[in-house]
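Colleague: Sending over a structure as structure tokens; questions will come in a sec.
Residue numbers (our numbering): 33 to 356.
And the structure:
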């Protein structure tokens, strides 16, 4: 089968299209023909091996100290089940699924992938194409995880920073589905996109600093790691929550500190990924409450170009790769 392989850390040019062995499913696995996958910021980071200073050594120990342990990237996907191991009960041949791999696993930059039946896999929403469904799992699950940990409720005022990104676009829609009043923060070129997703208000961060406009919020969700609790705490209401999808050492200290004192809390960590949560996201999609925001589309052969674009940090929503 065809797959995009990288055998050393570096620029997008390290990604090479090659012929590799087609995987064979274990007794508890399904073999999926990948129709679409995506390029996420996480895969860009893994490709270049440039982990944040605090996490550089642990990251390299996990993913490969001098070269990648796993040579095929790709986390989220949509495709069709073409065979199943003898113990598989949840899925059958012909099922259209969407999924994300977890932990050290990856591999969706390929024509085929094996996934455990009990992994983060669910039947694809009926009202989505493969392209649209492939763009859901990572951003959708992360947005739902943090908003749930922030105890989102109807009537709350919620600010989403980085509202035009993969996590941000879903966070705006999920917050709206819970009846929150949503303010999205993004750049000038993305204002119309965020408005189209249902944001009640949109702030252009190049023109206005939301921390200085006198408004306060029940939840401030930084999806891209560009703000800080210390900068935002005066914009939080009593018992407000600052959600940090991207953490550095300062956020880790503040999570511990605010858990012990004060009414305003910092919430971070790694998002919980499960088939149960993915099914919940699918139900929101099928109810017409959330949709994918796709920025650009590339072929499998164009993955280096897709990485170059994603690495600029200016992608809107998701960058989708058509595999087959």
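We put the CB at the ideal spot given by N, CA and C, even for glycine.
1. Among 224, 120, 191, 317, whose alpha-carbon lies nearest the alpha-carbon of residue 212?
2. Looking only at DSSP bridge pairs, what is residue 128 linked to?
3. For residue 306, I'd like the list of residues in its chain whose CB is within less than 7 Å of its CB, leaving aside the five on either flank, ordered along the chain.
4. Can you tell me which of 243, 101, 59 puts its alpha carbon nearest to the alpha carbon of residue 39?
5. With C-beta atoms as the reference, is residue 232 less than 8 Å away from residue 217?
6. Assuming residue 243 and residue 199 make a contact with CB atoms under 8 Å, what is their CB distance in whole Å?
7. How far does the beta strand (DSSP E) with residue 201 in it reach, from first residue to last?
8. Hey, out of 136, 325, 137, 261, whose CA is closest to residue 196's CA?
9. Distance, Cα to Cα, residue 220 vs residue 126?
10. Have a look at 67, 309, 347 and flag the residue whose alpha-carbon is nearest the alpha-carbon of residue 164.
11. Which same chain residues end up closer than 7 Å to residue 310 when comparing Cβ atoms and leaving out the 5 residues on each side of it in sequence?
12. Which of the three DSSP states is assigned to residue 102 in this structure?
13. Opposite residue 231 in the DSSP bridges: which residues?
14. Looking only at its chain, what residues have a beta carbon closer than 6 Å to the beta carbon of residue 171, apart from the 5 residues adjacent to it on each side?
15. Tell me the residue span of the beta strand (DSSP E) that contains residue 328.
16. Can you give the beta carbon distance from residue 158 to residue 117, rounded, assuming they're within the 8 Å contact cut?
17. Can you list, in chain order, the residues of its chain whose CB lies under 8 Å from that of residue 99, leaving out five sequence neighbours each side?
18. Can you check DSSP and say which residues form a bridge with residue 193?
19. In chain order, what residues of the same chain have a beta carbon less than 6 Å from the beta carbon of residue 354, not counting five sequence neighbours either side?
20. Within 10 angstroms of its Cβ, does residue 266 collect 16 or more other Cβ (buried), or is it exposed?
21. Using the C-alpha atoms, what's the distance from residue 161 back to residue 95?
Modeller: Taking the coordinates as given:
1. When each option's Cα is compared against that of residue 212, the closest is 191.
2. Beta-bridge partners assigned by DSSP to residue 128: 112.
3. Result list for residue 306: 152, in chain order.
4. The option with the nearest alpha carbon to residue 39 is 101.
5. With respect to residue 217, residue 232 sits apart: the two C-beta atoms are not nearer than 8 Å.
6. About 20 Å separates the two Cβ atoms, so there is no contact after all.
7. Run containing residue 201: none in the beta strand (DSSP E); it sits in the alpha helix (DSSP H), 198-209.
8. Answer by Cα proximity: 325.
9. For residue 220 and residue 126, the distance between alpha carbons rounds to 43 Å.
10. It is 67 whose Cα lies nearest to the Cα of residue 164.
11. Around residue 310: 152, 154, 169, 173.
12. In this structure, residue 102 counts as coil in the three-state DSSP scheme.
13. Its beta-bridge partners do not exist; DSSP assigns none.
14. Cβ neighbours of residue 171 within its own chain (closer than 6 Å, five residues either side excluded): 198, 199, 202.
15. Where residue 328 is concerned, the enclosing beta strand (DSSP E) starts and stops at 326-331.
16. About 26 Å separates the two Cβ atoms, so there is no contact after all.
17. For residue 99, the CB contacts under 8 Å within the same chain, skipping 5 residues up- and downstream, are 39, 40, 41 in chain order.
18. DSSP, once it has assigned bridges, lists 217, 254 as partnering residue 193.
19. Residues 68, 331 of the same chain have their beta carbon placed closer than 6 Å to that of residue 354, with the five preceding and five following residues left out of the count.
20. Counting Cβ neighbours within 10 Å, residue 266 comes out exposed, since fewer than 16 surround it.
21. Each residue's Cα considered, the two are about 32 Å apart.
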